[in-house]
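Undergrad: Just so we're on the same page, the working numbering is the position in the sequence shown counted from 1, plus 18.
Just so you know, even glycine gets a beta-carbon here, dropped at the ideal spot from N, CA and C.
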Amino acid sequence: MDTDAEQRLPTEVDASAVCRKIADLAQTYDIAIGTAESLTAGNLAAMLGKAPSSGQWYRGGIVAYHESVKHTLLEVPDGPVVSEQAAAAMARSTASLIGAHLTIAVTGEAGPQSQEDQPPGTVWAAVYDRGDVSTECKHFEGEPEEVLARTMAFSLDTLLRHARKRAHR
Numbered sequence: 019m020d021t022d023a024e025q026r027l028p029t030e031v032d033a034s035a036v037c038r039k040i041a042d043l044a045q046t047y048d049i050a051i052g053t054a055e056s057l058t059a060g061n062l063a064a065m066l067g068k069a070p071s072s073g074q075w076y077r078g079g080i081v082a083y084h085e086s087v088k089h090t091l092l093e094v095p096d097g098p099v100v101s102e103q104a105a106a107a108m109a110r111s112t113a114s115l116i117g118a119h120l121t122i123a124v125t126g127e128a129g130p131q132s133q134e135d136q137p138p139g140t141v142w143a144a145v146y147d148r149g150d151v152s153t154e155c156k157h158f159e160g161e162p163e164e165v166l167a168r169t170m171a172f173s174l175d176t177l178l179r180h181a182r183k184r185a186h187r
């Protein structure tokens with residue numbers, strides 16, 4: 019059964035709290051972090067950049083909103099850009115370009131129209147961690163702004179989960 023908390027949209031305060039946890043892990047365990055963004059259009063970079071001591075651990079991010087940028091700069095293979103393969107290529111290429119140990123990449127379709135036969139709310143995320151790439155697909159309901167808010171929360175939570183795994187190796 020859904021509760022009010024599950025239906026509540028994540029807020030910037032929620033995101034800031036997660037970013038502080040990421041910052042603590044990154045500083046403590048010397049983890050260089052990067053981002054590759056399409057759907058989130060630089061919002062992940064902005065949130066991580068506001069976290070404590072981000073200049074020490076956040077290497078930066080690449081916003082590849084247009085399909086051509088994904089293909090040329092981030093070496094996304096020909097084919098759909100809202101896909102597992104695209105997210106994985108974005109994460110891998112960004113890590114290489116900016117020298118990050120841990121990189122998250124997000125691509126998706128917020129809507130209201132569908133793109134590449136993907137329904138609105140389809141989101142692919144990939145995490146690169148020193149040679150290994152893991153991917154995950156989510157489907158979020160709602161208006162584009164709601165999809166974006168949920169994508170931000172999902173992305174930051176995913177990054178935090180991977181930073182914790184990395185810290186405890």
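Could you tell me whether the segment 90-110 touches the segment 136-155, using the rule of 3 or more Cβ pairs below 8 Å?
TA: Touching, yes.
Undergrad: Inspect the beta-carbon positions of M108 and V94 and report whether they are closer than 8 Å.
TA: Against a cut-off of 8 Å, the Cβ pair of V94 and M108 comes out as a contact.
Undergrad: Below 8 Å on the Cβ atoms is my contact criterion, and I expect A104 with G52 to pass it. Report the Cβ-Cβ distance as a whole number of Å.
TA: Going by Cβ atoms, the distance from A104 to G52 rounds to 17 Å, so no, they are not a contact pair.
Undergrad: Taking DSSP as the reference, what is the three-state secondary structure of Q131?
TA: Correct three-state label for Q131: coil.
Undergrad: In chain order, what residues of the same chain have a beta carbon less than 7 Å from the beta carbon of R182, not counting five sequence neighbours either side?
TA: Closer than 7 Å at the Cβ level, and outside the excluded window around R182, lie L43.
Undergrad: Going by DSSP, name the residue or residues bridged to V124.
TA: Paired residue(s): E55 and A143.
Undergrad: In whole angstroms, what is the alpha-carbon distance linking V36 and M65?
TA: Spanning the two alpha carbons is a distance of roughly 10 Å.
Undergrad: Does A73 come out as helix, strand or coil in the three-state DSSP assignment?
TA: Residue identity differs from the one stated: residue 73 is Gly in this sequence, not Ala. Helix at G73.
Undergrad: Can you tell which of I116, Y83, S173 and R184 has the C-alpha that lies nearest to the C-alpha of Y76?
TA: Considering only alpha carbons, the answer is I116.
Undergrad: Take the Cβ of V31 as the centre, count every other Cβ of all protein chains shown within 10 Å, and call the residue buried at 16 or more, exposed below.
TA: V31 should be labelled exposed.
Undergrad: Determine the extent of the alpha helix (DSSP H) in which D13 is found, giving its start and end residues.
TA: No statement about residue 13 is possible, as the shown extent of the chain runs from 19 to 187 and does not include it.
Undergrad: Which runs of the beta strand (DSSP E) fall wholly inside the segment 75-109 and span at least 3 residues, in chain order?
TA: Runs found: 76-81.
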